[in-house]
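In what follows, a structure is listed as structure tokens, so that the remarks can point back to it.
Now the structure itself:
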């Protein structure tokens with residue numbers, strides 16, 4: 067039984083995912099998933115023009131080529147809950163199409179914007195072939211009982227500088243208590259995140275989190291590799 071298994075995920079295609087985070091992950095030997103979306107202008111967010119904040123598709127392709135996972139976070143960061151099937155199709159298909167256009171592996175895992183989903187959204191994703199989808203929930207993932215299309219995660223921000231350490235401790239406690247492997251799925255955004263300061267994480271706190279994973283001997287994988295890592 068693997069007792070120290072973590073999944074690292076990064077949301078929203080923030081530029082420093084490519085310029086700062088990926089090199090550090092590579093140096094530590096950690097896998098990760100980058101969930102990409104194209105913000106379309108809401109609250110001033112524009113993926114297509116704000117390249118101080120967001121990656122280019124060439125940078126996203128380079129992450130894929132480096133062995134990281136590129137996952138689907140919808141076309142415009144739209145919450146699928148309550149959308150028509152046609153609207154869900156448009157949102158999910160946009161990122162799939164962008165990946166094809168840029169020679170990136172087809173996404174096989176999904177990330178619910180704001181962690182929100184309903185049964186119709188889960189059924190849509192299941193029918194489209196997605197096997198795993200990450201939500202929020204602030205608790206360890208129990209692969210034996212959780213819906214794989216609603217995988218809970220810990221959102222790591224500067225509001226709790228020791229958030230990674232706390233998440234790892236909670237995960238170890240649940241594994242010990244139940245006698246079955248629980249997984250620390252970690253959700254991060256920009257390091258830092260200029261456009262969304264409420265989910266920002268400083269470089270110092272990010273480095274502390276990576277150090278905790280390394281020192282604890284945690285196996286750190288992308289979401290797509292979770293089942294294989296569980297054995």
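Numbering (this note's numbering), first residue to last: 67 to 297. Quick reminder that beta carbons are idealized off the backbone N, C-alpha and C, glycines included. Values in this document were obtained by computation on a predicted structure and should not be read as measured data.
Inter-residue spacing [alpha-carbon to alpha-carbon] between residue i and residue j
| i | j | result |
| --- | --- | --- |
| residue 129 | residue 86 | 12 Å |
| residue 152 | residue 174 | 20 Å |
| residue 273 | residue 181 | 25 Å |
| residue 135 | residue 222 | 19 Å |
| residue 158 | residue 239 | 36 Å |
| residue 110 | residue 68 | 44 Å |
| residue 230 | residue 275 | 5 Å |
| residue 127 | residue 256 | 18 Å |
| residue 246 | residue 88 | 31 Å |
| residue 283 | residue 242 | 16 Å |
| residue 195 | residue 94 | 31 Å |
| residue 208 | residue 176 | 18 Å |
| residue 165 | residue 123 | 9 Å |
| residue 163 | residue 171 | 11 Å |
| residue 150 | residue 112 | 24 Å |
| residue 102 | residue 201 | 15 Å |
| residue 204 | residue 167 | 35 Å |
| residue 291 | residue 212 | 17 Å |
| residue 270 | residue 91 | 15 Å |
| residue 237 | residue 228 | 14 Å |
| residue 295 | residue 265 | 28 Å |
| residue 261 | residue 281 | 32 Å |
| residue 297 | residue 121 | 34 Å |
| residue 131 | residue 169 | 9 Å |
| residue 139 | residue 104 | 9 Å |
| residue 220 | residue 161 | 24 Å |
| residue 184 | residue 197 | 16 Å |
| residue 117 | residue 106 | 13 Å |
Rounded Cβ spacing between residue i and residue j (contact assumed at less than 8 Å)
| i | j | result |
| --- | --- | --- |
| residue 71 | residue 285 | 5 Å |
| residue 288 | residue 99 | 4 Å |
| residue 214 | residue 248 | Contact doesn't hold; Cβ gap of about 14 Å is too wide. |
| residue 125 | residue 84 | 4 Å |
| residue 33 | residue 80 | With the chain covering only 67 through 297, there is no way to say anything about residue 33. |
| residue 234 | residue 278 | 6 Å |
Buried or exposed by the 16-neighbour rule on C-beta atoms within 10 Å, applied to residue i
| i | result |
| --- | --- |
| residue 199 | buried |
| residue 115 | exposed |
| residue 179 | buried |
| residue 293 | exposed |
| residue 218 | buried |
| residue 210 | exposed |
| residue 137 | buried |
| residue 51 | The chain is shown from 67 up to 297; residue 51 falls before or after that span and cannot be answered. |
| residue 141 | buried |
| residue 268 | exposed |
| residue 193 | exposed |
| residue 133 | exposed |
Chain D contact for residue i (CB, 8 Å cutoff)
| i | result |
| --- | --- |
| residue 276 | Among the chains in the structure shown there is no chain D, since it carries only a single protein chain. |
Counting pairs of Cβ atoms below 8 Å between the stretch 73 to 92 and the stretch 247 to 267, do you hit three or more?
yes
For the stretch 135 to 155 and the stretch 180 to 193, state whether three or more C-beta atom pairs, one from each stretch, are separated by less than 8 Å.
yes
Return the chain-ordered ranges of every beta strand (DSSP E) run that is complete within the stretch 183 to 268 and spans a minimum of 3 residues.
198 to 203, 217 to 221, 249 to 254
Completely contained beta strand (DSSP E) runs for the stretch 85 to 129, where each covers 3 or more residues
99 to 102
Segments of 3+ residues assigned as beta strand (DSSP E) that fall wholly inside the stretch 155 to 183
175 to 177
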